[in-house]
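According to full-length UniProt numbering, the residues represented by the sequence shown are 1 to 378, in order. Glycine included, each C-beta is placed from N, C-alpha and C at the ideal position. These numbers come from a predicted model, not from an experiment. The structure appears below as structure tokens.
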Amino acid sequence: MNNNRKGTFQDLNALFVFGACTVLIIHILGFFIENQADYPWNGDFEAISLILLRFGRSLFIFATGMLLFYWHQKKQMDWAAFWRKRWRVIVFPYMIWTAIFTGFQLQTINPIELAGPFFHSLFTGSSFYHLYYIPLYLQMNVLFFLTKPLIERYMSLKVLVVLFLGQIGLYMLYQALFVDPIWAIDWSANPLLGLIQHSYVAGQNYFYMYIFTFALGAYAGLNLDKWRYWTYRLQSISYAVTIVTGAWIMMRYLNGSKSYADSLNIFDPLYLVYTLSFLIAFYSISRYLGALPTIGKWLSRLAKQNMAIYMVHPLILFLLESYVIFRLDWSTPLIMLAMFVITPPLCIFLYEHTLLSHWTRGGKPKYKPLYRMEAHKA
């Protein structure tokens, strides 16, 4: 275990904050794109923004892999403590908010009516069509549990290249089977074909669609100094690749060669290159901002609230869209901005009041000196 792995890890704070912002932005934009008649604005601008910002989940998956292997590299694991922490910090709040969302969806508190949809949502992450990332995050932790010694021993740049090519190959196969099908296949013909179809239709819920991104995070966590060096050296090239691939993705939508629905698909070889180049380009910026005295502290505190914002924002946006914004005689961009600004503090407030720790300490905030904060330990 490296002796310098103490306290907080500041490299990823800006990445976490930016990732949370992209999640908020795409869910706000998605509503207004679907309701152009009531809230007219520049539909192409909204669509392009939503398409180009759909890499938030990949940023979080990279960060998950990086933190797991950074904090626990060559460390004798106490797996019982590892899973207890995930139960307390992740699973229990997830269960509470799944129950809340299920109640809102069904407009009932009848336990008999709630039971079936609740357990379905719990295992699939389908509450408000949104919480699938929590089961996905737990899959990443199971993968870490099962493969930690192997990844620590064998992870290298060569392995990453193989995984990158394999991920692109999987995306190309799915493109050929489902997006622009080359063969006419009756996917309902037998259970095996149905399973293959399910692996694509519900692919965003399963770790194999993100295995390269997770492995990249693992490599970065295991080789931090090397990762910092290479991301700094490759920053300019990565900016160029990000701009070129982003422009290519945008033009495919604008010239009609890709429909809006197809453009939202992040499981596309070009989008993987776009996401990877952005991640490499942004990492050095995130590290730089995290090291600044004032901004770094602010980012650290805000990054701690990622789970609150992710978990609760569908409810806040639903309430705003259903009961508030139609009463406002404001322009569409101003309404978007107001929703973006007001949602995080409301999320944090509501989330904190559903935590068991909040009630066991009598609702009083628990303060920790900055040098002792370990909020970003995986």
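Check	Outcome
Counting along the chain, where does the alpha helix (DSSP H) carrying residue 209 start and finish?	Per DSSP, residue 209 belongs to no alpha helix (DSSP H) and is neither H nor E.
Sort 323, 237, 319, 209 by Cα distance to residue 174 and report the nearest one.	209
Under the assumption that residue 300 contacts residue 13 (Cβ atoms under 8 Å), give the Cβ distance between them as a whole number of angstroms.	5 Å
Considering residue 148, what are the terminal residues of the alpha helix (DSSP H) in which it resides?	133-154
Let me know the alpha helix (DSSP H) ranges lying completely inside the stretch 202-270, each 4 residues or longer, listed in chain order.	211-222, 224-233, 235-254, 260-263
Across the stretch 124-140 and the stretch 57-66, are there enough close Cβ pairs to call them in contact, namely three or more that are closer than 8 Å?	yes
I'd like the ranges of any alpha helix (DSSP H) spanning at least 4 consecutive residues and lying wholly in the stretch 285-311.	293-303
Under DSSP, the alpha helix (DSSP H) around residue 13 begins and ends at which residues?	13-34
Output yes or no for whether 9 Å exceeds the beta carbon distance between residue 100 and residue 320.	no
Okay, do the stretch 181-198 and the stretch 113-122 touch, 3+ Cβ pairs below 8 Å being the bar?	no
Does DSSP put residue 275 in a helix, in a strand, or in coil?	helix
Can the beta-carbon of residue 148 be found less than 9 Å from the beta-carbon of residue 69?	yes
So is the beta-carbon of residue 171 under 8 Å away from any non-hydrogen atom of the ligand SAH?	Within the structure as shown, the ligand SAH is missing, as the structure has no ligands at all.
Let me make sure I understand the geometry here. Which of 347, 146, 308 has the alpha-carbon closest to that of residue 79?	146
Along the chain, where does the alpha helix (DSSP H) that runs through residue 72 open and close?	56-72
Given this structure, state the Cα-to-Cα distance separating residue 186 from residue 177, to the nearest angstrom.	11 Å
Quick check on residue 229: buried or exposed, where buried means 16 or more other Cβ atoms within 10 Å of its Cβ?	exposed
What did DSSP end up calling residue 117 once you bin it into helix, strand or coil?	helix
So residue 290 and residue 11 are in contact, right, with Cβ under 8 Å, and what is the actual spacing, rounded?	6 Å
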